[in-house]
Each structure stands twice: as C-alpha cells, then as structure tokens.
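In the working numbering, the protein residues as written are 748 to 1085.
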C-alpha cells in the first residue's frame, strides 16, 4: 500500500503552519561546512539547545562561538531554547557574554521559567492571592521574583536541620505534621517542579499533598533524564527523575513546558512568529530536541557534542523510532563553518 504524504496542519494556538515529516526511518545525513552553506538560504531561524550544544559547563564547545558569529553576519534569527532552569535568563545571558557569545539578549533566550511565568500570568495568578510551592533552584526564584509571583519551598527541608532519618512519617507526631504542610499562610495555587539539589522525600510529600487539591496547578519544567557533563561516563540526574517521583506520589500528570512539549513551541511562535519549515532546531538530545523539531515541522540537526551519540541514532533507526531521527547530524557546531 502506497504511503500518503502527511497533510500540513495549522496550530490552533499560534496559527503556525506545521508541515509534518514522512515517518521513514532513513539514516540522517552528515552536515559539513559545504552542505550547510548550501542549506542556509532555506533557513531563516535557528533554535539552539544550550548545554551540550553551545557549551559544556562553563566552556564553549569548539566552534560554537564562530558559528554564532557566522549566523549573525548572515542576519539569521537566533533563539536559545533550553530546558535548564538553574539560571535565570539574565544570568544565562551574562554567562553567554562572558564566554564570548556577543549580541545575545534576554529577548532571544528562553528557559522553562519564562514559559511557566507566562502561563501563570495569563491566568491572573499574581492577583489570585495564591502562592507557588516551588521545587527549584536559584535561577527559577530570580525569575519568579522578577514576575512578582510569591513562592516558598526552596532550600533544605526541613529548614531547622531536623534529622529526617530519625523520623517515622507514619507517626502522627512526626515533624512534618507538627510543622504543617503549608507554612506560607496562603493557599497553594500551583506546584512547580524543576531541578533542585535539596530534593528529598519531605519535598515530595509536601508537593503530593498540595496536589490533592484538583484546583492546584501541577507544572513541570522538563523531563530530561540526565544532563551532559565533563565526564561522559558519569550520570548527572536532571529534572525528569524528580518530576517522576512527584507525579507518582501525587497520582497526577503535570503540564510539562519544556521541549518537546507544545508549550515551548507555542511560546516561540507567539514571540517570533517563526515559519517551522524554515527553522532549524539544533540539539544534542534525540528525545527532547529532535523529537521537538520533528513534531512541529522543523529541520533538525543532532550535534554529537552532548548527550546522544551516533550509536544512539543507529539504535533508534533499528528500532523504527522515526521521530527520534534527525534530518542531519554533525560532530559539533564548529564543523559547520570553515
């Protein structure tokens, strides 16, 4: 039976035309500076993941600075779309400037906090009299402060240094019942789960109990399992495991705003009005960056400088996972400029 070409659809939120890709498991083509230069006239916008694509830790990946400069000279629209909310956009831009990514502003950098804040603001959260229970880091707190959204919950819990190892949570006199779940004095209207180093069973218990109220929003930044780091064989857990723990305990599904979910696409379209078929998504993760680009009709390129390798691509092809296969791959951004 002959396959029919997927029909374009119009996004009912942002009105973008999405030209869907054939579900063929063809192996991606390797991009180099010559083939990239030939492709460039067909692309207006580049969306980059950050960690593992532009830099690792505090160090730019080889060639990423030159690639950024090259696109700026070609007057291409450049957007950085990260699932990492550990830094605020202001802090992220400062980091990029320090590393040499000139011309970057907060206007073209998106993190999950920005998407969540717009989501809450569109629902009048600031004037609702409610408060956020936040599992998150300093960068997320800075974004909420900027948006004048009240929150609590960050940092060690219990804050008084109680040894939870000695506490029996099944005992009615356990510390968490003495303290009360909500020590903020206001109704919790949203639970936000991002990455936090202080995450523990107490935070999970608080979040799960707040979420028993069906009117309490449950928002997650991303579902990335791990983060890229300086040692490829060392596993660095990301937000995904934390969100999964809260989800299981609460018995509820979160609204996840990071890639590859719809909220990230709608945010980009509402701010920049991109044409997906003239947009290239460049990332290092097949199950976030590449599936995001494919799902919303973009050209996709996997760089092998972060989480996923060519062996992962081969496994996905053998397994018939077409949505995880990029159109192109490259060792790193530096290989795309001569």
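Backbone N, C-alpha and C fix where the C-beta goes; we use that ideal spot for every residue, glycine too.
For this session: Would you mind reading off the limits of the beta strand (DSSP E) that contains residue 824?
Result: It spans 824 to 828 - the beta strand (DSSP E) in which residue 824 sits, taken as one unbroken run.
For this session: For residue 999, name the three-state secondary structure that DSSP assigns.
Result: coil
Problem set entry | First and last residue of the uninterrupted beta strand (DSSP E) at residue 793 | 792 to 795
Problem set entry | CB-CB length for residue 1005 against residue 1011, believed under 8 Å | 6 Å
For this session: Could you work out which residue in 1020, 892 and 937 is closest to residue 1086 when comparing CA atoms only?
Result: In this structure the chain extends from 748 to 1085, so residue 1086 is not present and cannot be described.
Problem set entry | Identity of the residue in 1084, 1064, 998 and 897 nearest residue 959 by Cα | 998
For this session: Can you give me the Cβ contacts of residue 843 inside the same chain, cut-off strictly under 7 Å, excluding the 5 residues immediately before and after it?
Result: Cβ within range, chain order: 851.
Exercise. Going by DSSP, what residues sit across from residue 807 in a beta bridge?
Worked result: 802
Problem set entry | Where residue 1072 sits in the DSSP three-state scheme | coil
For this session: Can you have a look at residue 942 and say buried or exposed, based on whether 16 or more other CB atoms are within 10 angstroms of its CB?
Result: buried
Problem set entry | Cα-Cα separation, residue 945 to residue 901 | 8 Å
For this session: Select from 951, 1027 and 1054 the residue whose C-alpha is nearest the C-alpha of residue 788.
Result: 1027
Problem set entry | Separation of residue 773 from residue 857, as counted between CA atoms | Going by the C-alpha atoms only, they are around 31 Å apart.
Problem set entry | Which of helix, strand or coil DSSP assigns to residue 1082 | The answer is helix: DSSP assigns residue 1082 an H, G or I state.
Exercise. Does the beta-carbon distance from residue 793 to residue 825 come in below 8 Å?
Worked result: yes
For this session: Can you grab the Cα-Cα spacing for the pair residue 823 / residue 1059, in whole Å?
Result: 30 Å
For this session: Under 8 Å Cβ to Cβ from residue 971, same chain only, skipping five residues before and after it: list those, please.
Result: 830, 985, 986, 987, 1005, 1032 and 1035
Exercise. In whole angstroms, what separates the C-alpha of residue 834 from that of residue 888?
Worked result: 9 Å
Exercise. Taking the Cβ atom as the reference point for each residue, do residue 895 and residue 873 lie within a distance shorter than 8 Å?
Worked result: yes
Exercise. Quick one: what's residue 756 bridged to in DSSP?
Worked result: 765, per the DSSP bridge assignment.
Exercise. Is residue 1022 closer than 8 Å to residue 791 when the C-beta atoms are compared?
Worked result: yes
Problem set entry | Cβ-based burial, residue 1066 [other Cβ within 10 Å; buried from 16] | exposed
Exercise. Just checking my contact of residue 1057 with residue 1079 at CB under 8 Å: how many whole Å lie between their CB atoms?
Worked result: Contact doesn't hold; Cβ gap of about 13 Å is too wide.
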